[in-house]
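K.L.:
Take a look at the following structure, please.
2 protein chains.
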Amino acid sequence: MNPDALRGHLDALLLSVLEWEPLHGYAIMEALQERSGGALTVPTGTVYPALRRLERIGYLSSEWATVGGRKRRTYRLTESGRKHLQGERSAWQEFTSVIGGVLRPEVRAEH
Amino acid sequence: MNPDALRGHLDALLLSVLEWEPLHGYAIMEALQERSGGALTVPTGTVYPALRRLERIGYLSSEWATVGGRKRRTYRLTESGRKHLQGERSAWQEFTSVIGGVLRPEVRAEH
DNA sequence: ACTCTATATGTAGACTGGCTACATGTGACG
DNA sequence: CGTCACATGTAGCCAGTCTACATATAGAGT
Numbered sequence: 084m085n086p087d088a089l090r091g092h093l094d095a096l097l098l099s100v101l102e103w104e105p106l107h108g109y110a111i112m113e114a115l116q117e118r119s120g121g122a123l124t125v126p127t128g129t130v131y132p133a134l135r136r137l138e139r140i141g142y143l144s145s146e147w148a149t150v151g152g153r154k155r156r157t158y159r160l161t162e163s164g165r166k167h168l169q170g171e172r173s174a175w176q177e178f179t180s181v182i183g184g185v186l187r188p189e190v191r192a193e194h
Numbered sequence: 084m085n086p087d088a089l090r091g092h093l094d095a096l097l098l099s100v101l102e103w104e105p106l107h108g109y110a111i112m113e114a115l116q117e118r119s120g121g122a123l124t125v126p127t128g129t130v131y132p133a134l135r136r137l138e139r140i141g142y143l144s145s146e147w148a149t150v151g152g153r154k155r156r157t158y159r160l161t162e163s164g165r166k167h168l169q170g171e172r173s174a175w176q177e178f179t180s181v182i183g184g185v186l187r188p189e190v191r192a193e194h
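Heads up: the protein sequence lines correspond to chains A and B, in order. Going by the numbering used here, the first residue of the first sequence is number 84, and it counts up by one from there. Going by the numbering used here, the first residue of the second sequence is number 84, and it counts up by one from there.
What follows is the structure, encoded as structure tokens:
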């Protein structure tokens, strides 16, 4: 998929993946891959900075854990993030409806 | 609407508006505004460079006309552009299906 | 006359967010 | 030992959109 198209929708994807369970960065990348049926491969250089940004804003909180000798930073959705996810979802609805409406091949009415 | 979200979809919008009739830049802006129900206000600094880019690629061709003392550069879809529009349309379908699939609030199965 | 609005096209430069490429380290398996 | 999967992170690039500006005509209103 055209990587450009992701612009402005990545935050929503990340928050959405974290809606039901806290996950660490690597697991988030896997979850995106899996939940998109393999269509979405978001590189580390995209995910990690984005997670930090979302934490800075206050939509996520994180804590370190060590599992099997490996360090993980696990992110969880804050209340503020949960609210924002709702907003992102309705923004997505509006976005697809607007663009889709313009894009839809219109059958010209006879006149 | 978040202007960032337009990224990577503007070409499709422009080609789509030109599908059935050639239009000049200003009319294209109006058409986008109207066909989106007022949600889309694409500024001149976005539209004009984009049209030139699409012409350079070969998806559009243009010619000058003078109507009522005003000069217009009218753009029309080329065959190549028409084909590309098909591709953009299916790309849009896939895009919305992939992102929408990840974004959709999933009701967790009991287990 | 003058002003304002709509019509019409265009460019320079800033901004920004996702991507490429790289750096670093552990554990497991052969 | 080498290689792969796991795991996190940053510097700098890049392309496309936006802001702000420049220019010009026509028509309506005062």
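The C-beta atom is built at its ideal place from N, Cα and C for all residues, glycine as well.
1) What residues of chain B sit near Arg-156 of chain A, judged by a beta carbon separation below 9 Å?
2) If you measure from the beta carbon of Met-84 of chain B to each beta carbon in chain A, is any gap under 8 Å?
3) May I ask you to report which of helix, strand or coil DSSP gives Trp-147 of chain B?
4) Is it true that the CB of Gly-108 of chain A sits closer than 8 Å to the CB of Val-130 of chain A?
5) What does Asp-87 of chain A touch in chain B if you count any residue whose Cβ is under 8 Å from its own?
6) Could you list the residues in the region 130-149 of chain B with a C-beta less than 9 Å from some C-beta on chain A, going in chain order?
7) According to DSSP, Tyr-109 of chain B sits in a beta bridge with which residue or residues?
8) For a contact defined as C-beta to C-beta under 9 Å, what are the partners of Glu-177 of chain A on chain B?
9) For Thr-157 of chain A, name the three-state secondary structure that DSSP assigns.
10) Does at least one heavy atom of the ligand MG sit under 7 Å from the Cβ of Ala-114 of chain A?
11) To the nearest whole angstrom, what separates the beta carbons of Tyr-158 of chain B and Leu-168 of chain B, a pair I think is in contact under 8 Å?
12) Just to confirm the assignment, what range does the alpha helix (DSSP H) spanning Gly-183 of chain A have?
13) Strictly under 8 Å for the Cβ-Cβ distance: is Ile-182 of chain B near chain A by that measure?
14) Quick check on the DSSP output: the alpha helix (DSSP H) that includes Gly-128 of chain A runs from which residue to which?
P.N.:
In terms of the structure at hand:
1) Result: empty, since nearest Cβ-Cβ is about 22 Å, beyond 9 Å.
2) Closer than 8 Å: yes.
3) Three-state result, Trp-147 of chain B: strand.
4) yes
5) The contact set of Asp-87 of chain A on chain B, defined by CB atoms closer than 8 Å, consists of Arg-90 and Gly-91 in chain order.
6) none
7) Answer is none; Tyr-109 of chain B lacks a bridge partner.
8) Per Cβ cutoff of 9 Å: Met-84 and Ala-122.
9) Secondary structure of Thr-157 of chain A (DSSP, three-state): strand.
10) Looking at this structure, you won't find the ligand MG or any other ligand, since it has none at all.
11) That pair is no contact at about 13 Å.
12) 162-186
13) yes
14) Start and end: 127-140.
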